[in-house]
Structures are given as structure tokens and as C-alpha cells.
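Working notes, beginning with the structure itself.
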Amino acid sequence: MTSEVSGPSVDTVESLMKEAETLKIKLEEERQKLNDVTLASVAERLEIINYMNIKPRRTLKGHQAKVLCSDWSPDKRHIVSSSQDGKMIIWDAYTTNKEHAVTMPTTWVMACAYAPSGNLVACGGLDNKVTVYPLSLDEDVTLRKKTVGTHTSYMSCCIFPNSDQQILTGSGDSTCALWDVESGQLLQSFHGHSADVMTIDLAPSETGNTFVSGSCDKLVLIWDMRSGHCVQSFEGHESDVNSVKFHPSGDAVATGSDDSTCRLFDLRADKEVATYSKESIIFGVNSVDFSVSGRLLFSGYNDYTVNVWDTLKCVRVCLLYGHENRVSCLQVSPDGTALSTGSWDSTLRVWA
Amino acid sequence: MEPDKEKCHRPKAFDKMEGLVREMQDAENGVPVRSQKLFLTSIPSAFMGKSHQAHHRLHLGYDLIEWLMERLSIEESEALNLANQLCQYGYFFPVSDSKNLVVKDDSSLYRFQSPYYWPYANKAPDNIDYAVYLSKRSMRNKQRHALDDHELETLGNLRKNLANKWDFITIQAEEQVKLGKVLKKGEKIISDSQERAYWRIHRPPPGQISSLEQCPVPPRSRNGNRTKKRTVEDGKREVDILKASLSRTRVKVSQALESMVQYVETYSEYDPIISGTQPSNPWVSEDLTYWQLNSPLVEIPTEKRVKRWGLSMEELVSDPTGLQEFTNYLRKEYSHENIRFWMAVNDLRRSAQSQIQRKVNEIFEEFLAPGAPCEINIDGKTMERVHQEMRSPSRFTFDSAQDHVYTLLLKKDCYPRFIRSEHYKNLLAVGIQPTTKKRFFGFGQQKKKTSTSSAPNPALLQQQQQSSQPCGISTGALSKRRGSDRSLSGSAHELAVSGVRGGDNRVPHSHSQSNLSDIPYRGDLPGKSRTSTTAMTHSPVKKPGIAVTSGASTSEDVCPWEAHGPEPRSRKNSTQMDSGSSASDICVAVQVAAEVTDPKVKKAGHLPQQSTMDGGKSSRKLSAVCCIEPRRASVSVPIDRKIFEEVSKVPTPTPAPTPTPPVPNKSDVDNKSEEICRTFRKSLSVAGAANAPTISVSSATDDGDVLQEAGADVVDPKVDGAEDEKPMEERLSAAMVEEEEDEEQDHKRRTEPEVVISRLALAPLAEPDSESPISELPPEPNFLSEEAKSNDVCPWEDEETKCNVDGSFRKTYTTLGFL
Numbered sequence: 064m065t066s067e068v069s070g071p072s073v074d075t076v077e078s079l080m081k082e083a084e085t086l087k088i089k090l091e092e093e094r095q096k097l098n099d100v101t102l103a104s105v106a107e108r109l110e111i112i113n114y115m116n117i118k119p120r121r122t123l124k125g126h127q128a129k130v131l132c133s134d135w136s137p138d139k140r141h142i143v144s145s146s147q148d149g150k151m152i153i154w155d156a157y158t159t160n161k162e163h164a165v166t167m168p169t170t171w172v173m174a175c176a177y178a179p180s181g182n183l184v185a186c187g188g189l190d191n192k193v194t195v196y197p198l199s200l201d202e203d204v205t206l207r208k209k210t211v212g213t214h215t216s217y218m219s220c221c222i223f224p225n226s227d228q229q230i231l232t233g234s235g236d237s238t239c240a241l242w243d244v245e246s247g248q249l250l251q252s253f254h255g256h257s258a259d260v261m262t263i264d265l266a267p268s269e270t271g272n273t274f275v276s277g278s279c280d281k282l283v284l285i286w287d288m289r290s291g292h293c294v295q296s297f298e299g300h301e302s303d304v305n306s307v308k309f310h311p312s313g314d315a316v317a318t319g320s321d322d323s324t325c326r327l328f329d330l331r332a333d334k335e336v337a338t339y340s341k342e343s344i345i346f347g348v349n350s351v352d353f354s355v356s357g358r359l360l361f362s363g364y365n366d367y368t369v370n371v372w373d374t375l376k377c378v379r380v381c382l383l384y385g386h387e388n389r390v391s392c393l394q395v396s397p398d399g400t401a402l403s404t405g406s407w408d409s410t411l412r413v414w415a
Numbered sequence: 003m004e005p006d007k008e009k010c011h012r013p014k015a016f017d018k019m020e021g022l023v024r025e026m027q028d029a030e031n032g033v034p035v036r037s038q039k040l041f042l043t044s045i046p047s048a049f050m051g052k053s054h055q056a057h058h059r060l061h062l063g064y065d066l067i068e069w070l071m072e073r074l075s076i077e078e079s080e081a082l083n084l085a086n087q088l089c090q091y092g093y094f095f096p097v098s099d100s101k102n103l104v105v106k107d108d109s110s111l112y113r114f115q116s117p118y119y120w121p122y123a124n125k126a127p128d129n130i131d132y133a134v135y136l137s138k139r140s141m142r143n144k145q146r147h148a149l150d151d152h153e154l155e156t157l158g159n160l161r162k163n164l165a166n167k168w169d170f171i172t173i174q175a176e177e178q179v180k181l182g183k184v185l186k187k188g189e190k191i192i193s194d195s196q197e198r199a200y201w202r203i204h205r206p207p208p209g210q211i212s213s214l215e216q217c218p219v220p221p222r223s224r225n226g227n228r229t230k231k232r233t234v235e236d237g238k239r240e241v242d243i244l245k246a247s248l249s250r251t252r253v254k255v256s257q258a259l260e261s262m263v264q265y266v267e268t269y270s271e272y273d274p275i276i277s278g279t280q281p282s283n284p285w286v287s288e289d290l291t292y293w294q295l296n297s298p299l300v301e302i303p304t305e306k307r308v309k310r311w312g313l314s315m316e317e318l319v320s321d322p323t324g325l326q327e328f329t330n331y332l333r334k335e336y337s338h339e340n341i342r343f344w345m346a347v348n349d350l351r352r353s354a355q356s357q358i359q360r361k362v363n364e365i366f367e368e369f370l371a372p373g374a375p376c377e378i379n380i381d382g383k384t385m386e387r388v389h390q391e392m393r394s395p396s397r398f399t400f401d402s403a404q405d406h407v408y409t410l411l412l413k414k415d416c417y418p419r420f421i422r423s424e425h426y427k428n429l430l431a432v433g434i435q436p437t438t439k440k441r442f443f444g445f446g447q448q449k450k451k452t453s454t455s456s457a458p459n460p461a462l463l464q465q466q467q468q469s470s471q472p473c474g475i476s477t478g479a480l481s482k483r484r485g486s487d488r489s490l491s492g493s494a495h496e497l498a499v500s501g502v503r504g505g506d507n508r509v510p511h512s513h514s515q516s517n518l519s520d521i522p523y524r525g526d527l528p529g530k531s532r533t534s535t536t537a538m539t540h541s542p543v544k545k546p547g548i549a550v551t552s553g554a555s556t557s558e559d560v561c562p563w564e565a566h567g568p569e570p571r572s573r574k575n576s577t578q579m580d581s582g583s584s585a586s587d588i589c590v591a592v593q594v595a596a597e598v599t600d601p602k603v604k605k606a607g608h609l610p611q612q613s614t615m616d617g618g619k620s621s622r623k624l625s626a627v628c629c630i631e632p633r634r635a636s637v638s639v640p641i642d643r644k645i646f647e648e649v650s651k652v653p654t655p656t657p658a659p660t661p662t663p664p665v666p667n668k669s670d671v672d673n674k675s676e677e678i679c680r681t682f683r684k685s686l687s688v689a690g691a692a693n694a695p696t697i698s699v700s701s702a703t704d705d706g707d708v709l710q711e712a713g714a715d716v717v718d719p720k721v722d723g724a725e726d727e728k729p730m731e732e733r734l735s736a737a738m739v740e741e742e743e744d745e746e747q748d749h750k751r752r753t754e755p756e757v758v759i760s761r762l763a764l765a766p767l768a769e770p771d772s773e774s775p776i777s778e779l780p781p782e783p784n785f786l787s788e789e790a791k792s793n794d795v796c797p798w799e800d801e802e803t804k805c806n807v808d809g810s811f812r813k814t815y816t817t818l819g820f821l
């Protein structure tokens, strides 16, 4: 249409796409120049991890439908979980007791999160909202609930960025947003994905101002929370990115995707440095998390299993069987002593 | 974009499953079809004639499993899981069980589904299709096609809901029944079963979850327009991001990965899943002690936790107890305004929006305004930025100032001072060392090394890397090094001190004294140790040479060093015996005691340690013991060397050094050696655990390298030594002088870690030349080579060994205690 284009002011989608393509090629060339070694070869000197004694230690039963999300409390023993039937349950995972059960006005509560203080939880899902519930044993938790933010599509993930006063969300409307809990004010929104945001994670640093997001556009983006700008992007996955997690060092992110692979992207090398896959693994990954040293990567799959990867040697260490349906969420406890998994079989399990 | 893709989102897994299923059905390489006889019992005979046709084939459960195992090189459990998945998705189904979609690893029969019925082959079926299917079945032979209860119910409901279309549905059903009659009987059976299996997947009986169920996402975003229409704005944004990425500075992959590996190695020790927890993992043992000891704010942190603070400032300030201790320390030093400012800004950043304005002003008034009560010291430029930002206060107003304070003041000044301070050392000393109560937990094969508390020195890192390859003989170098030290200083005593000092410098922290006590007992034979003592007292010169082989030294090059680390402290705490002779006397005494039985000795060694832990304060007595220990350790080393040959012949614990290394790698070493190792380990682990994350370790690494060279060919060391001799000597002598000046204050000295390391590393090399006891030289090489040989069998990697040792130590700790 604008065939006699002369300046950037009249860019068309097509011309921009073309420009993007050439830039991508150049970028790949630049990255390859510094690609001098593989992770497995660097890790050759390490000893193989050939023995793991991880067993199921607790089973949390109480949800009536698929467990969709869970999060550890900072106290290392409580867990919040949300499920398809609109319930959110606070567990003392150690004793397996339920301490609170909250019914949400929606089904498919796809995201829940514990605040750093342990006194607050947030959740949301198909209602497009993020709602916080202060926890107290004295009164009904739902009495003090507060809706903080609303997206234009389902909320897929949420996380408190080192503060009870803010909450970061990802949504099916392809954006992420940072909200002020008290006022419900939108502090910052993050545009850049071209499809549903499925997952977010914070950089581990205390003062960190960055987070990472994964999306159905197959991209992994790194964001500056302060400016709202995307500062780095990684591609490589061949399908939806369902889960992202920062390496404990803060210098890399691991991802899990529907393409049945997990990958490791290094922020400083600015490229993918490892793929964790096997021919026998053909189902999508729903959730990934690192052990506290970053040596192990746990990943939960649609084939009901949890695979444990040696992140450095890039081999699978072992398989955890137990769930009777898809493993939808998984998280290493804050002190690294245990792994929690949630599944469509409506149970949660704690492994150690 | 493609129309069919837009119709329904089809997960990648289906492509992979279909590929696999096609392979399984391959006539030649697919899952074998068993001879027809097998089927006779379970399949209607009329059907058998057709079995040569591909789609008539039946397969045995265990054939399916086996095929998958072979094809994908996986274990049975994984193959079984995968086969079940394929079954759940309807790619094959059990012939005799229409209810449960389960694959059993036995001789039950399975039939592949026709590709027509594969999931996503066509659009998902609707209720009309289902109604047609159900009506059709209801029209047919009641015996074979009777509907289940839930199906009957559904049919009733459908009839109600689709009343307006019911005529059409009935006609369709009749049509299909008619068509079916044309089929031959065998074909009919097959197509019936396939159709039934199809509906079993798409309309599962109540209570059963269909594996086809999609992720819980609104159809709008999931199916149709999954990818939004791209706008010019999106395009621009993408181009901008790409342009920014192009200009970004990136590091070499090798560099990035190396640092990642380093990081993981450093933290493996703190990873409960890899290294276990002390005393036990609450989830496993049902014992909450671990959590109690490690709650966010504790009176007395565990030693391991304190050690972790030494890894980096981030580790320190992210731990509430660490932050508290750090603040207390800085307060004592009258310089806590920086950390307070840093915390205040952190708090600001995390505050509710409504508080921002107020908090910004408060912070400014307290820390930045001219004449503020707690004014922080930042440069003019940063101050200018703050003033600019103050015009529009936000949670980020003080970021630049905070950054300045953090990197320039806290990280480069306060933190290193803290780590070197008595305060920190004290914390380390009194740190709780939980003992293992149960023998759970995985593998202790992770290395514990390489945590440099100060900025990692590239050279050092490199050394570490190199050394981390299994190098047979790390011990030798160490002992050599020590020897040289000694020879230079002229007295064993001094040597020990210098060693200590080195350790001190390198590793900001020392470990508890109790560790030391273990060392001597470890591998030394009572008799021998005595001898050594004597030798040491009388002929210091010889010691150096001897040092090379002692079991103790061999097994743990690191050990001695670490052992020394604490010395300064202990010396300080207790009255010290400054004279070498007194030390040696004591040593003798100890050794005599040690002469009893090994186990007993161990116990003895153990006890002081425990008491130390308990008390948190070292009594004089204890400290005295501790003091002795280090010295003794050094002493004992020589013995072995002297007697090295004897030792090696005798199957007593002394030879342990050699076997020790392997233990970590493989647990199958014989018990004896293991036992020894343990003892060893005890000392080591204690030492190791206590030890500062670092440098000491790296020094060990150096040793490894040096030794390797030495062991490989005798000539090498000399050459190296010649090269490095001078600087080394200089350094050494300098060190010596310093020591003499004030031994007591060693710990306060802040020699650059690197220097120390190099000094240490070089020392051994120089030894021959500088000291040049020719008689000594030859034995060493020999010894080394011998050792190397013995090590060939089970090469121990110095560092890994250490770690392992540590791990196993933990595991066996209790046992040892009660031996």
C-alpha cells in the first residue's frame, strides 16, 4: 500500500517484519561467533550424579479437581494451591493439614502465590483478576479479600516481587503487569509478547529489578521492572513456553515448553546453552524448577512424570513416578529440602 | 496461520506420538505380530482369517513395551508409562477391556486405532455425532452392543436436548447400521471396537479424565487468534528489541559456562538435595531440628550458614541473621549508616505506593540532606543525580545512590572487613555443627571448593579448573610445600604458623578448633606418630621431606592447611605454647594417649569437638588441645614420610592415604580403608566445613597441579622451582619476617589472597634448590611416583575427594563417634 515509502515514519507491518528477519539473522551470527564450547564439555570434569534418593514423602489430598498451581510459603512448610474447581487451599504440608480453604468466584484458578511475609496469598485465573487474601486464623479469609488488578484475559501467573506491597502478573492478554496491592494501581505494564503469557519468574537478586516471562509466542523475554522495557529476548522453543525459572546465580534461565524440551538460556552469553530432551520424552513440560545450587532441574510433564536433569552434564538423572495425571506445577521449597508437585490427578505431593 | 491450525490448537506431542505409532505399525520393524495361535483363545475365530491385514493385527502388551524399550533405549518403567500414554490418547486400545485404557506388561492383547480415529485427525466430535453413535448402537444387537448405564443416560439427555434434530440423528444412525451390514464380519468387529475406543476417549465415562482435555484457557485465545494481529507498533517494538540485542555486549560462551559451573560447584555443598542436610531432612526424618537451627533469625547460626555468608555479600545480606550480624558489626565500627541506607532504600522500593513520598523524604532527611544525622558518603555526581530525582520522587529515587553505596562502600570495604573481623571468626567458631542422626540422603559427591570470598582471581580460577581434573597426587605438593616452608623458617614451629597464616589470609574464616583435634588421630599410627614427633623436635630439617607422604598428608592435602587455619584463633584464645618444643611435648603426650586404640583415639578427638560446639566457647583446656593438634598434625606428617616405605608395606591404617582418595568416588573400597578415610574425613570434613569457602581449597588445587607435575616426572618440579624460586623466596622470607614480628596477629593481616596462594604453591618447588638437602630430594620424587602408581587404581581428585570425604564423613559421623 505504501509502496513509495521513504522514511521510518511510514513503516508497514510487512517492512518491519522483513527488517526484523534480517536483524534476527545478524543477531544469530553475532551469537555464534562467541559460541566456542558446549556446556556438557565444560562440565566434563564434574562427577556424575548417579544416585538420587528422592521419594514421595507427603501426599496432600483435598482438592476435588485438577490442581493447577501451587507455591511454597517462605516458612518452608506451608503450601498454597489452586485448582480447577475454584478452590484455593492453604496446606501445612508437613502435617498435610488444610489450614484454609477458599472458594473463588471462578473456576480454573490458574495462578496462586505466597507473599514474602507469609501473611498474604494472591490468586486468580479465568476471572482475569488477581485477588489477594490476607491470612489469619481468626476470621474467614474471604472477608478481607481484595481485588488488586484486572487483565483483559485470563491471568496465568502471579508473583510477589520481594514485597507484600506489589504483585506482578502475567496474562492471556499477552502482557505482564505490576500492581500496587494497597491501591490496586497499575504501576507498570509490560508489552512485547505477541501471545498469551504463561509464566513469569523474578531474578534471584534481592535488589533485582528484572524478571523473565515465557509465552505462547515461543519467546522468553527478560524485562526491566523499572522501565517496563524488554531488555533481552530468547527464541528457540518450537512451541508454547509454559514455564521459566531463573538459575539461582541469576545469570541464566531455564524454560519448559510444549515442545517437550527444557532449555537453558544464558543471559551473559545471550544465547541458548543447553537443551534437555530425550527421544523418549514426547510430552510437553508444564513446570520447571532448580535445586538451590542450580545443579538439578526438575521438570513436570504431561506424561505424569517428573524428570530430574543434571543441568551441567545435560543428562537426565532420574524419573519420578507417582502422579496419575499431568504434572501441572512443581516447585523446590525455599530452603531446597523438598520438591512439591501438583497434578491434574487433584493431589499435591512433596518429595525429598 | 494455516486454517486447520486455527481450528484447534494441537500440541506438539501429537506429532511425536503419531510418528512413533506409525513406526510401531511398520510391517518389518514395528511391534511384532504374534502367531495366530496365540489369539485363538481370545479372539472370535471368524476374525482370524483376516489377521494378515495390517489393521487386523493384534499385539501383546509386552511386545509393545519391549519395542519401546528397544527403540528408545529406555527402561521398562518408562516404556510402560509411555505405552500407557499412547493408549490413553487412543492410538491403541486393549481388545478385551473397553473400560480401562491401561497397558499391561503381559500377554493381554492390543489393537492399533485406525488413523481416522486418531485425536486431532478430524475436528473434535460434537454431541450430534455422539448421539448418532449411541442411537446406532441401541439399534443393533443388544447382546453385543448394549449401552452402559451412563451411556443410556446420556442418550436420554441428548434426545431431550437435541429434540429438534432427532429425526436427522435417527436417519443417520439407521444409514450407518445399514452400511455396517455390508461389511464382512471380521471387519465389522474391528471397526466396531475402534469406534468404541474412539468414543471412550472423547466421551469418557463419568469420573474419568480424558487425556484430550485441553489446558484451561478460553477458546478465544487458545484456538482462534492465538497470535494476535500484528500492528505496526508491535513490529517497531520487535525491531527495537532486536537492534538493542545486536548492540548488546555478550561474553564468550565458554566464559559464561565456566562461571556457571563454578557457581554450581560452590553451592552444591548448600544444596540439600545434593549434599543432604545436617542433622537430617525434616521431610524424611520427621525431625524438625534442621528447621529450628536454621530459622530466619537465630541466636547462634550454624557454622555452615556463617560460612555461606563468606561466599558473597549477597549471601550475607539476604539472610536475616547475616544482615543482623553485619549491621551489629558495622555499628560497633561506627559505620553502619551505609547498610542502614541500603536497607532503607530496599524498603522504599518495596513499599506501597501511598508511602513513597513520605519515605523518600525521610530517607533524604536522614541520610542525604546536608548535616543529616546519619549522612552517607557519596560522590558529587551521584548526589547530583539524587537531587534531580528528588524533583519527582519515586521508589527508584535513590537507586543510583544505593548502587554507589552498595558496590563501592559495602561490597568493597565493609563486607571484606566484616569477613576478616574477629566478629565473623567468632561466629564461625561458635557456629553450631549439627551432627547427623540418620544415614539418609543421597550422594556426597559434590565438590565443595572454590568459593572465593574475595573477587575471584582469574588465574586462581584457572588453576582450579585445571586441578579439578582428576590428578593423582595432590598430596605431595602440599607436603612439599609445607616442607619448604619449614625448611626456610628453620623451625617446624614457625612453619606451622606460616601455614596458619596462609590459611588465614586466604580464608577469611577459620573453623572450629575441634576439627583440629581430629586430625592427628586420623591416620597416624601411634607408634609412628611418636617417632615423628621425635623427629620433628630434633631435626626440623628433615621434616620437610618427610612431610610428603604421611597418610594424613596424603589423604588430604587440604587437611593440614585447613587445620592450620584455626590455629591463630585458638592460639589467641588460649594461652599458647609459642615454643616449638613445648608444642612437641604436648604432641607427644597426645600421641601417647593416641597409642591406645585407634577408635579410642578417635573418640577422644571427638569429644573436645563436641564440647566446643555445645559450649560455644572454648575452654582453655580445649583450646590448648586444639592448639596442640595443629602442630601435631604438621609433626605427624614427617613421620610418615620417613617411614613411608614401611608404611606402604604394612596394611595398617597408615597406608590409608592412598585408599582414601577412591572412597569418595566409589563406595566399594574395602572397609578398612574406608574406616580410615572416615577418620580422616572427620578431621577433614570438620575442617572443610568450617573452612572458609575458599582459598584454602584453591591452594589445595594448586598443590594438585604441582604435585601432578612432580609426580609425572621428577625433573619438572625442579624446573618450575628454579623459575619461580626467586619470587617465592622473597615472599616467603617476607612472610617469615612478618611472622616473627607478630605471630599473634597473623589473622589481622590482609595479605592479598593471590599472593598467599602463590607463595604456598611455589614454596614446595623452591624447596630443593633453596634448601638443597640432596638426600631429601630423591626420596620425594620416588615417593611421589610410587604414590602416583598406587593412585592409578583409584585416582582421587583432590577437590572432589575432599567434598566426598566431607559427605561421607557426615554420613558416618555417628558411627565414628561411637566406635
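These protein sequence lines map, in sequence, to chains F and B. According to our numbering, numbering within the first sequence proceeds without interruption in unit steps and concludes at 415. According to our numbering, numbering within the second sequence proceeds without interruption in unit steps and concludes at 821. We treat Cβ as the ideally placed atom computed from N, Cα and C, and that holds for glycine.
- For R232/B, the C-beta contacts it makes with chain F under 9 angstroms involve V76, L79, M80 and S257, in order along the chain.
- The beta-bridge partner set that DSSP reports for V211/F is empty.
- Note that the stretch 373-385 of chain B does not touch the stretch 328-336 of chain B; fewer than 3 beta-carbon pairs, one per stretch, sit closer than 8 angstroms.
- Residues V413 and A415 of the same chain have their beta carbon placed closer than 6 angstroms to that of A401/F, with the five preceding and five following residues left out of the count.
- For chain B, the residues of the stretch 348-360 of chain F that bring a beta carbon within less than 7 angstroms of one of its beta carbons are S354, V355, S356, G357, R358 and L359, in chain order.
- Shown here, S287/B sits in a helix according to DSSP, grouped into three states.
- For S79/B, the neighbours in chain F by C-beta distance under 8 angstroms run, in chain order, L382 and Y384.
- I275/B sits buried, since 16 or more C-beta atoms from the chains shown fall within 10 Å of its C-beta.
- Against chain B, the CB of C293/F has a partner CB under 7 angstroms away; the residue lies at that interface.
- The beta carbon of T170/F sits closer than 7 angstroms to those of Q147, D148, G149 and L189, all from its chain and outside the five residues before and after it, given in chain order.
- In chain order, V33, A85, V105 and Y112 place their CB closer than 7 angstroms to the CB of L66/B, counting only its own chain and leaving out the 5 sequence neighbours on each side.
- Under the Cβ criterion of 7 angstroms, A178/F is not counted among the residues facing chain B.
- For K414/B, the three-state secondary structure derived from DSSP is helix.
- Relative to the Cα of P298/B, the nearest Cα in the group N283/B, L318/B, G312/B and W285/B belongs to L318/B.
- Proximity of D131/B to chain F, defined by a Cβ-Cβ separation below 7 angstroms, is not satisfied.
- By the Cβ test, the stretch 88-100 of chain B is in contact with the stretch 195-215 of chain B, since at least three Cβ pairs between them sit closer than 8 angstroms.
- Counting along the chain, the unbroken alpha helix (DSSP H) around H147/B starts and ends at K144 to H147.
- Here R121/F has A156, T159, R412 and V413 as same chain residues with Cβ atoms under 7 angstroms from its own Cβ, once five neighbours each way along the sequence are excluded.
- At least one beta carbon of chain F lies nearer than 7 angstroms to the beta carbon of V263/B.
- In the three-state reduction of the DSSP assignment, Y339/F falls in the strand class.
- The beta carbon of R412/F sits no closer than 7 angstroms to any beta carbon of chain B.
- The three-state secondary structure of C89/B, taken from DSSP, is helix.
- Going by C-alpha positions, Y331/B is about 20 angstroms away from N348/B.
- For V362/B, the CB contacts under 6 angstroms within the same chain, skipping 5 residues up- and downstream, are P395 and T399 in chain order.
- Here Y177/F carries a strand assignment [DSSP, helix/strand/coil].
- When the Cα atoms are used, E386/B and H406/B turn out to be separated by approximately 13 angstroms.
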